[in-house]
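Take the sequence shown: its position 177, counting from 1, is numbered 183 in the numbering used here, and each next residue is one higher. Beta carbons are placed, not taken as given, at the ideal position from N, Cα and C, and that holds for glycine. Below is one structure, written out as structure tokens; comments come after it.
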Amino acid sequence: VELLRSVLFPGYFGVSDLSRDSMRFHVGATLDRVTRLLKEQVKRGLCFEACAQPGECGACAEKSETITRAFLAGLPEVRRLLATDVQAAYEGDPAARSPDEAIFCYPGIWAVTSQRIAHALYRLGVPLIPRIITEHAHGLTGIDIHPGATIGERFFIDHGTGVVIGETCIIGTNVRIYQGVTLGAKSFPKDEHGNPIKGIPRHPIVEDDVVIYSGATILGRITIGRGSQIGGNVWLTESVPPNSRIHQ
7 VELLRSVLFP GYFGVSDLSR DSMRFHVGAT LDRVTRLLKE QVKRGLCFEA CAQPGECGAC
67 AEKSETITRA FLAGLPEVRR LLATDVQAAY EGDPAARSPD EAIFCYPGIW AVTSQRIAHA
127 LYRLGVPLIP RIITEHAHGL TGIDIHPGAT IGERFFIDHG TGVVIGETCI IGTNVRIYQG
187 VTLGAKSFPK DEHGNPIKGI PRHPIVEDDV VIYSGATILG RITIGRGSQI GGNVWLTESV
247 PPNSRIHQ
């Protein structure tokens, strides 16, 4: 993740004294390292899920090669999305003096960077590794975003501590949330054996241009309509139409 961060934000992380001439060589050399490290970790994740010993599963090694190449091919899109997140942070917070300050200092950018990396791996079917990545960011920032969450452009988490975003959340474009917000599940449907059914949609859908203020708890597969504002400390378990203003 640290190597990828130095590729996604070259000059900000990793080697700092980059020039236009050296940038391309830095990115290329770093991606070469990433390729070798990631391929091994993906293979180990696949072997772990298959209950095999690392190095004894030829199919896992072959699959990890394919996944790693697909992940690297998708990095330009990850970088594009992150650029929109940084711009949203700069424009959305009057305390930010520059986009650079958001990259260096904002825990929301740190957590979202990790989540976008993890989400790309999650979508490629990589087990375990994406969750390790987002939980590492959770430990550093206090922001808990599951790698399965689908997040649109220009996503800004201000302050961030205590934010929880569940696995099946769908978040649109230009959404801003504040500290202590929970986008969680209302209940857990169970199978005939009484165990929670996994993978079903159970978290909110947040449409474009929504603002959710600090401490709000939004639970279940409900929809927050486009352009809505959800006030601080609101407890919400029902869908609201576009342009709603929900307060205590």
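*Residues in its own chain within less than 8 Å of Thr147 by CB, not counting five upstream and five downstream?*
Answer for Thr147: Pro113, Gly114, Trp116, Ala117, Gly166, Thr167, listed in chain order.
_Bridge partners - Thr188, DSSP secondary structure assignment_ = Note: Thr188 sits in a beta bridge opposite Val170, Thr223.
*Would you mind working out which of Thr119, Ile203, Gln93, Ile123 sits nearest Thr74, comparing C-alpha positions?*
For the residues Thr119, Ile203, Gln93, Ile123, the minimum Cα distance to Thr74 belongs to Ile123.
*asked:* Can you look up Ala123 in the DSSP assignment and give me helix, strand or coil?
replied: Contrary to the premise, residue 123 reads as Ile rather than Ala in this sequence. In the structure shown, Ile123 sits in a helix (DSSP, three-state: H, G or I).
*Could you tell me if Lys49 is buried or exposed, where buried requires 16 or more neighbouring beta carbons within 10 angstroms of its beta carbon?*
So Lys49 ends up on the buried side.
_I'd like to know whether the C-beta atoms of Pro4 and Glu55 end up nearer to each other than 8 Å._
In this structure the chain extends from 7 to 254, so residue 4 is not present and cannot be described.
*So what does DSSP say about Phe162, is it helix, strand or coil?*
Reduced to three states, the DSSP call for Phe162 is strand.
*For Leu189, the nearest candidate out of Val169, Lys196, Ile206, Asp197 (CA to CA)*: When each option's Cα is compared against that of Leu189, the closest is Val169.
*Since Ile228 and Ile252 are thought to touch, with beta carbons under 8 Å apart, how far apart are those beta carbons, to the nearest angstrom?*
At roughly 12 Å, the Cβ-Cβ gap does not stay under 8 Å, so Ile228 and Ile252 are not in contact.
*Which of helix, strand or coil does DSSP assign to Arg103?*
Looking at Arg103 - three-state DSSP - the assignment turns out to be coil, as it is neither helix nor strand.
_Once the 5 residues before and after Phe110 are set aside, which same chain residues still bring their CB inside 7 Å of it?_
Tyr18.
*For Asp197, name the three-state secondary structure that DSSP assigns.*
Coil.
*Excluding five sequence neighbours on each side, which residues of the same chain lie with their C-beta closer than 6 Å to the C-beta of Arg208?*
Around Arg208: Thr174, Ala191, Arg227.
*Please classify Ile138: is it buried, with 16 or more other beta-carbons within 10 angstroms of its beta-carbon, or exposed?*
Note on Ile138: under 16 other CB atoms within 10 angstroms of its CB, so exposed under the neighbour-count rule.
*Would you kindly work out how many angstroms separate the C-alpha atoms of Arg11 and Gly20, rounded to a whole number?*
Per the coordinates, the alpha-carbon of Arg11 lies some 8 Å from the alpha-carbon of Gly20.
*Within the same chain, show all residues whose beta-carbon is closer than 6 Å to that of Ile176, passing over the 5 residues directly before and after it, in chain order.*
Thr156, Ile211.
*Could you tell me the distance, in whole angstroms, from the CA atom of Leu78 to the CA atom of Asp91?*
Between Leu78 and Asp91, the C-alpha separation is close to 20 Å.
_Cα-Cα separation, Val216 to Phe162_ = Looking at the two C-alpha atoms, the distance is approximately 11 Å.
_Suppose contacts are defined by Cβ-Cβ distances below 8 Å. Is Asp150 in contact with His144 by that definition?_
A contact, by the Cβ cut-off of 8 Å.
*Could you tell me how far apart the beta carbons of Pro105 and Gln121 are, in whole angstroms, since I believe they sit closer than 8 Å?*
Contact between Pro105 and Gln121 is ruled out by a C-beta separation of about 19 Å, above the 8 Å threshold.
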